[in-house]
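For what it's worth, UniProt numbering labels the leading residue of the sequence shown as 1, then goes sequentially.
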Amino acid sequence: MERLWGAVLEGDEYAAAGTVFAALDEGLPPERVVLELIAPVQRRIGTEWAANRITVAQEHAATAINERVLAALAHHPGCRRTPDAGRVTVACVDGEWHALPARLLAEVLRLRGWQVDFLGAQVPTPHLIAHLHQHGPDAVALSCSIPTRLPTAHAAITACQAAGVYVLAGGAGFGHDGRYARLLGADAWAPDAESAAECLSGDFPRVRFSSNHQPIDDLPHLVDQEFTMVSRSAAQLVERTVADLEHRFPAMAGYTDAQRQHTVEDIAHIVDFLATALYTDDDELFTGFIVWTAGILSARGVPTESLDPALELLAAQLRDFPRTQRIIDAAQTTLKDTHNQHRV
1 MERLWGAVLE
11 GDEYAAAGTV
21 FAALDEGLPP
31 ERVVLELIAP
41 VQRRIGTEWA
51 ANRITVAQEH
61 AATAINERVL
71 AALAHHPGCR
81 RTPDAGRVTV
91 ACVDGEWHAL
101 PARLLAEVLR
111 LRGWQVDFLG
121 AQVPTPHLIA
131 HLHQHGPDAV
141 ALSCSIPTRL
151 PTAHAAITAC
161 QAAGVYVLAG
171 GAGFGHDGRY
181 ARLLGADAWA
191 PDAESAAECL
201 SGDFPRVRFS
211 SNHQPIDDLP
221 HLVDQEFTMV
231 SRSAAQLVER
241 TVADLEHRFP
251 AMAGYTDAQR
261 QHTVEDIAHI
271 VDFLATALYT
281 DDDELFTGFI
291 VWTAGILSAR
301 GVPTESLDPA
311 LELLAAQLRD
321 FPRTQRIIDA
331 AQTTLKDTHN
341 QHRV
């Protein structure tokens, strides 16, 4: 694992592939290579980026090498198997560009004898449904790593089921316990590639069915239109918040153009997560993101207190939205506890 980590960090694709092939030659089963060698290294890439120990460029390069290594692994003689388990489509929901978790699952399923149609990142739902109608897989595995893609994931889940296909949801975006997969009506959820493969190896419906299921049935709270109004006015909310923040947070006066752009992006992410929390009606989704953001800012030497005025300004703009007020208030309370912990 350390050899593979060093290779991906140095951008050495050949050394990375050589390390993986050597593990195979030494007797490590192919599935264990995927799950216990490549996957942990990929998690470490994310951890090191969050801690500000590697750059965004290094994170992208390392991830690209892991993807290439997985592709090479699929063509290794020791990893070939005749498909005999069924057919499955693996895809990321529209807007989700983190494709490696889905790719890891695809390789594990291939090793277990599945014929896998891997569609990759950012698959528009109409194109996904057209693929399902054309090829008729037994199941579709939908990957969502970022919670802000949950509304799109909901549409994809419902459309796949209406097409008569069993839906397995996976990825961090569905929650560490799968709560959002259940909320959005997926047939099953798995926390990782191995669990997903086990789920599909079990007894699940492999016959086409018709469904009159409607997404709004799952989320009656959407009737208040708060999600719709916040998501549609996101650009204006970001613009107004950034403008007002310059008066509330004097340090912004000394920001470089790059720092100012980062601030705009941070506010945009906050608004996106707020809208998604309104979609799911889950305070924890938003508070979790705010705490995560505070950790990222702290690792980069930015005071976490800079989040306070941003939340206050958003709350002021959305004062007539009761669920929004509740969610922001919960985040502010959690953020205060975070500040106190940092001071200690």
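The C-beta atom is built at its ideal place from N, Cα and C for all residues, glycine as well. All figures in this text were calculated on a predicted structure; none of them were measured in a lab.
Looking at the DSSP output, L142 sits in a beta bridge with A91, A169. Given a length threshold of 4 residues, each whole run of the alpha helix (DSSP H) inside the region 176-209 is given here in chain order: 179-183, 193-201. Secondary structure of D84 (DSSP, three-state): coil. Sorting A17, T55, A159, T89 by C-alpha distance to the C-alpha of H76 places A17 at the top. Each residue's CA atom was taken as its position, placing C92 and L104 some 12 Å apart.
Taking a C-beta distance under 7 Å as the contact criterion, V88 and P137 qualify as a contact pair. Under the criterion of beta carbons closer than 8 Å, I38 and L70 qualify as touching, at roughly 6 Å. As a beta-bridge residue in DSSP terms, V123 pairs with V93.
Ranked by Cα distance from D320, the options T55, R179, V230 are led by V230. Inclusion of A162 and S145 in the CB contact set at 7 Å is not warranted, their separation being larger than that value. A straight-line Cα-Cα distance of about 8 Å links F204 and Y166. The DSSP-derived three-state label of D117 is strand. With a beta-carbon spacing of about 6 Å, Q42 and L100 fall inside the 8 Å limit used to define contacts.
For the pair A315 and T304, the CB atoms are not nearer than the 7 Å cut-off.
Exclusion of the five residues before and after R240 leaves L313, Q317 as the residues of its chain whose Cβ lies within less than 8 Å of its Cβ.
Shortest Cα-Cα distance from L142 to any of A258, L132, H133, A153 involves A153. Every alpha helix (DSSP H) stretch that sits fully inside the region 214-276 and reaches 4 residues is listed by chain position as 215-218, 226-232, 234-248. If you compare the alpha carbons of I296, A277, V302 with that of Q325, the shortest gap goes to A277. Unbroken alpha helix (DSSP H) runs of no fewer than 4 residues, entirely contained in the region 277-326, are found at 283-299, 307-317, following chain order. Leaving aside the five residues that flank C199 on each side, the residues in its chain whose CB is nearer than 8 Å to its CB run, in chain order, L168, A188, A190.
Nearest C-alpha to L73 among D329, A22, A258: A22.
With a beta-carbon spacing of about 6 Å, L111 and C79 fall inside the 8 Å limit used to define contacts. Listed in chain order, the non-local C-beta contacts of V271 below 6 Å within the same chain comprise A234, L237, V238, local neighbours out to five positions each way being set aside. DSSP, read as helix, strand or coil, puts P29 in coil.
According to the DSSP assignment, R3 belongs to the alpha helix (DSSP H) that extends over 2-10. The criterion of a C-beta distance shorter than 7 Å is not satisfied by A186 and V108. Proximity to I65 across P220, L4, L307 peaks at L4, based on C-alpha coordinates.
Take the alpha-carbon of P126 and the one of A251: they are about 46 Å apart.
The three-state secondary structure of I129, taken from DSSP, is helix. By the beta-carbon neighbour count (other beta carbons within 10 angstroms, threshold 16), H98 is buried.
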